[in-house]
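**Q** After the structure tokens below, expect a handful of questions from me.
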Amino acid sequence: MLPTKEAPKMRVTSQSVVPRDITEEFTAAASTLQTGQLVKDEYFTLFEAVGALEIMDSRMDSGYLGPGENNAQALEDDYDIMRELAPEEVVGIMDELLFHEMAWHKGHPLSLTLFTSIYLDNLLWPVPKSLEEAHFSRHQPGGNKAETGLVHGVLRAYCLALVKCCDFVHSRVAAEYYYEEEDFVAQLYNRNLLSQFDVHYFLNVLDRAISWIDEQEGEVDETLKEAIKCRLTFRRDFLLGLNQDINVIETRSAEHFTSCLAKLDTLAKTVSLGKSVPEAFSWKIQRKLASTVPPRPMVKISSDDALAHLKRLCQDAIDLLGLLDYRGPHNVKVAIWTLLARKPQPSVYIRSLLQTIIVNKTTVLGAIPVKQFLYDELGELVLPTSTLLQASTDETEMPTDPRFQIAQHMDAFVKRFAQPFVDTFRSACLNRCRIRRTVCHTILDWDNLQMEAEDLDEQLRTLSNEPPLILSNGDATYSYPLSSWAYHQKLNQFRLILQLGFELSIYSPEELPGMYWYLSHICSTHLGHIDRIRTFTVGTAKRNLTSLAGKKRQATERHAVLQRSLRLLERLTTQIVAVDAFAIALHALYVLLARHKVLPNAASPTQSYARDRLRYELRMKPFIPITLPELVPFEEYHREATLDGDSDAIVLERATKAISEARRAWESTLANGAFVKDDADTPPAGARAIEENWKQDVKDTMRACIGASIAIETAKKALAARSAAGAASGTGTANPSDPLRLHVNIPETGSKTRWHDWWVVPQVSQIASPP
């Protein structure tokens, strides 16, 4: 038993230990260390490090009792959970629980959000064996009270339904890939979220609470009555929407989330009616949870942030239906990446649900077998009307038949490539940092897959008797369709890594010229590869159509497939040309700004860790093991990235022409639309919202093009002004030592002046010359 008042402090002394102040000596020794240098005592182990923590510190020990505190005061709250609440207090507690729920959705642990509620703690611990046992009053003498009243009827129903909503979210997220502490905290601290009870029990409890509140004529203020009913009906719709989960593939219904959205405005307007009850939430409950971390303060987010997050979650759940109408792998990929590129990024629940929808039980979008999905991708890009995709072991039982062997090879291809291909879609469901990190690893796998596909191509070429294509120089070459497709996927990942690097602000200002040059280099490589695919696609299709002379119906069907493939290749070409031209323009602009040393916050070249070669090795680290395309040698990279030997006028001309081409190409991209469409094809209603997001993304890119044009013209005027000043001084030319009178600001990601995250367009303005 601790004393009721603080005992006099005693100082322990020992003749063998003499304390000495070493602050000055320690500071002097530390000042001799270089930045980044680490001093480690090999005998100072983890055991000693943990032992050095201060024991009995309230910041580290959740069971610490301060002087004058007894167990009852320190470990338990004196909040009377049985007291009656006023209607405005019920509204306040409901809203606070909703805000804590959204904080949990945003990645904060339950111990700091919902599990700080004394009402929820009484419902969930000890774990109730039946729903009737989950009452606020079960820890009080006298047993359970009737399920009526604002507390035991209305608030209890809301709390039970909220816990079940959390159970649905927790089950879905925990079943998919996510990153603990980054995206979501799944720890339940030895609590159960009532997962053993069917959802119908919770709906019945809510229905009874809604009926009871309707019966309170004159008992409760009408405005507060409607506010409480709005929250109960919202919770019912939200529960039904989450309960739908993966079954949305069959139901195709957004009714419940649409109803939730309709109630959010009323809910937001009535937040001010609620009265806060802060004593109903306590951080002390952390002491009873199975947690190994020190106690931390309760997380509180504003009502505006919580409701905004909830609104985005409901809207994303509605727009998710736009993915379910299958119209080819390319359209699926565009829809997924567009939906998940929204700012802010969709919640971890939506991303986890989308992971399941993409592939579940060997089917894509709940309807397309994975093998057919992969075949559709090959048919769209490299093998339209090809016999390789039509071969089946069911057609013949003769192992020596070429069709049987082709089918076997294609089945082996599907087994090896299907999962990596589907993972390129699922990886988009991670947070943006993890997408880039994941692709940096998987790109090496695709390099190995390309080599395996090349071996398969050689075997299939022999079995299918593919004729060679004679080039203009007389050389013969073959299509290698599977390895060409794998190379196309790998080049897409190259561009994604580079462009996400701009979005995540990985590159420092002095690296921007080189990285935009490398993006342009990858784009030009990709364009050459697509031209090669187009050449073989047209040649193979012509041969197949010639062989169908007299079979009009089959010839018409194959011609339609070929036209769709050509439209897709043309679309890809236009988009990559747009990226390439914009990258060239920004590369030239940044080269000019770097030459005249007006880039902000550029690292000093005298620092050992800021050398160009070291930076190049660091940025190219994901690409060093890749066999094709080969890594550009540093000398060539440095020469091209700095435009060594080109004058300022040539660099400006390069930037001006490139930005004009980029604007035309992005206008063509916008005119093509988001999806590849067949004749007279219109996107389904569910995809329209996603298509609008895609159009807005392209329009933001076009705004960035306009901003780059303005920056280029401003730099041109500044160079002209310096030349004019040199002519006026009598020298006839500008003095190279004269500074270029420009102010450059590089906008950060997410700022209003950063029109698109992938295009770092500098804000360039002229500085007035001194009088």
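Residue 654 in my numbering is what sits at position 666 of the sequence shown, and the numbering runs on without skipping anything.
Where is the CB? At the ideal position from N, CA and C, for every residue including glycine.
Since the structure is predicted, the reported quantities are computational estimates derived from the model, not experimental observations.
1) Can you pull the DSSP bridge partners for ILE142?
2) Give me whichever residues DSSP pairs with TRP747 in a beta bridge.
3) Considering only residues of the segment 458 to 536, which uninterrupted alpha helix (DSSP H) runs meet the minimum length of 4 residues and lie entirely inside it, listed in chain order?
4) Below 7 Å CB to CB, which residues in the same chain sit around ILE612 once its five sequence neighbours on both sides are set aside?
5) Between SER697 and CYS218, what straight-line distance do the alpha-carbon atoms span, to the nearest angstrom?
6) Pick out whichever of ASN348, THR388, GLU365, ALA659 has its Cα sitting closest to the Cα of ASN319.
7) Identify, in the order they occur along the chain, each residue of the same chain with its Cβ nearer than 6 Å to the Cβ of VAL151, setting aside the five sequence neighbours on each side.
8) Classify GLN333 as helix, strand or coil using the three-state DSSP reduction.
9) Take LYS94 and list the residues in its own chain whose beta-carbon comes closer than 7 Å to its own, dropping the five residues that flank it on each side.
10) Once DSSP output is grouped into helix, strand and coil, what is the label at THR351?
11) State yes or no: is the C-beta of VAL79 within less than 8 Å of the C-beta of GLY262?
12) Helix, strand or coil for GLN175 per DSSP?
13) Can you tell me the Cα-Cα spacing of GLY367 and ALA174, whole angstroms?
14) If we ignore side chains and look at the alpha-carbon of each, how far apart do ASN733 and VAL752 end up?
15) Quick check on this structure: which residue in GLN378, ASP411, PRO408 has the alpha carbon closest to the alpha carbon of GLN396?
16) Which of the three DSSP states, helix, strand or coil, is assigned to GLU168?
17) By Cβ distance below 6 Å, which residues in the same chain neighbour PRO7 in space, the five residues on each side in sequence not counted?
18) Could you give the distance in angstroms between the alpha-carbon of LEU255 and the alpha-carbon of LEU295?
19) With three or more C-beta pairs closer than 8 Å as the rule, is the segment 109 to 127 touching the segment 135 to 152?
20) Does the separation of the CB atoms of HIS140 and SER125 fall below 8 Å?
21) What are the partner residues of PRO357, as DSSP defines its beta bridges?
22) Would you kindly work out how many angstroms separate the C-alpha atoms of PRO387 and LEU444, rounded to a whole number?
23) Does VAL732 come out as helix, strand or coil in the three-state DSSP assignment?
24) Return yes when the Cβ of LYS299 is within less than 8 Å of the Cβ of LEU249, no when it is not.
25) Which one or two residues does DSSP pair with GLN754 in a beta bridge?
26) Just how far apart, CA to CA, sit CYS154 and LEU138?
27) Taking the alpha carbon of ARG275 as the reference point, which residue from GLN447, ILE106, PHE87 has its own alpha carbon closest?
28) My output table needs one value for ASP435: the three-state DSSP class, helix, strand or coil.
29) Check whether the segment 159 to 171 and the segment 208 to 216 touch, using three or more Cβ-Cβ pairs below 8 Å as the test.
30) Are the CB atoms of TRP434 and GLN477 nearer to each other than 8 Å?
31) What does DSSP give as the partner residues of PHE413 in its beta bridges?
32) Closest to PHE361 by C-alpha separation, out of LEU328, VAL402, LEU342, ILE324, would be which residue?
33) SER762 by DSSP, collapsed to three states: which one?
34) Would the segment 563 to 580 count as touching the segment 631 to 642 if we require 3 or more Cβ pairs under 8 Å?
35) By DSSP, does PHE269 sit in helix, in strand, or in coil?
36) What do you get for GLU84, buried or exposed, if any count of 16 or more other CB atoms within 10 angstroms of its CB means buried?
**A** Taking the geometry as given:
1) The amino acid occupying residue 142 in the given sequence is Val; Ile does not appear at that position. In the DSSP output, where bridge partners are listed per residue, VAL142 has none listed.
2) DSSP lists HIS744 as the bridge partner or partners of TRP747.
3) For the alpha helix (DSSP H) assignment, the uninterrupted runs of no fewer than 4 residues enclosed by the segment 458 to 536 are, from N- to C-terminal side, 469 to 491, 500 to 535.
4) LEU619.
5) Looking at the backbone, the Cα of SER697 and that of CYS218 are separated by about 51 Å.
6) Ranking ASN348, THR388, GLU365, ALA659 by Cα distance to ASN319 puts GLU365 first.
7) So the qualifying residues of the chain are LEU181, LEU182.
8) Per DSSP, reduced to three states, the secondary structure at GLN333 is coil, with no helix or strand assignment.
9) The beta carbon of LYS94 sits closer than 7 Å to the beta carbons of HIS297 from its chain, once the five residues preceding and following it are set aside; these are given in chain order.
10) DSSP places THR351 in strand when its eight states are reduced to three.
11) It is a contact, given that the beta carbons lie within the stated cut-off.
12) DSSP places GLN175 in coil when its eight states are reduced to three.
13) If I take the Cα positions, the gap works out to 41 Å.
14) For ASN733 and VAL752, the distance between alpha carbons rounds to 7 Å.
15) Comparing Cα-Cα distances from GLN396 to each of GLN378, ASP411, PRO408, the minimum goes to GLN378.
16) If DSSP states are grouped into helix, strand and coil, GLU168 belongs with the strands.
17) For PRO7, where only same-chain residues beyond five positions count, there are no Cβ hits under 6 Å.
18) Each residue's alpha carbon lies about 9 Å from the other.
19) Cβ pair count under 8 Å is three or more, so yes.
20) In contact: HIS140 and SER125 (Cβ atoms closer than 8 Å).
21) Bridge partners of PRO357 according to DSSP: THR351.
22) Spanning the alpha carbons of PRO387 and LEU444 requires a straight line of approximately 18 Å.
23) VAL732: strand per DSSP, three-state reduction.
24) Yes, these two residues count as a Cβ contact at 8 Å.
25) When DSSP reads this structure, GLN754 sits in a beta bridge with LEU730.
26) If I take the Cα positions, the gap works out to 23 Å.
27) Looking at the Cα atoms, ILE106 is the closest of the given residues.
28) In the displayed model, ASP435 falls within a helix according to three-state DSSP.
29) No, the segment 159 to 171 does not touch the segment 208 to 216.
30) In contact: TRP434 and GLN477 (Cβ atoms closer than 8 Å).
31) None; PHE413 has no bridge partner.
32) The shortest Cα separation from PHE361 among LEU328, VAL402, LEU342, ILE324 belongs to VAL402.
33) It is not possible to answer for residue 762, since the shown part of the chain is limited to -11 through 759.
34) Using a C-beta cut-off of 8 Å, the segment 563 to 580 makes contact with the segment 631 to 642, since at least three inter-stretch Cβ pairs fall below that distance.
35) The answer is strand: DSSP assigns PHE269 an E or B state.
36) Label assigned to GLU84: buried.
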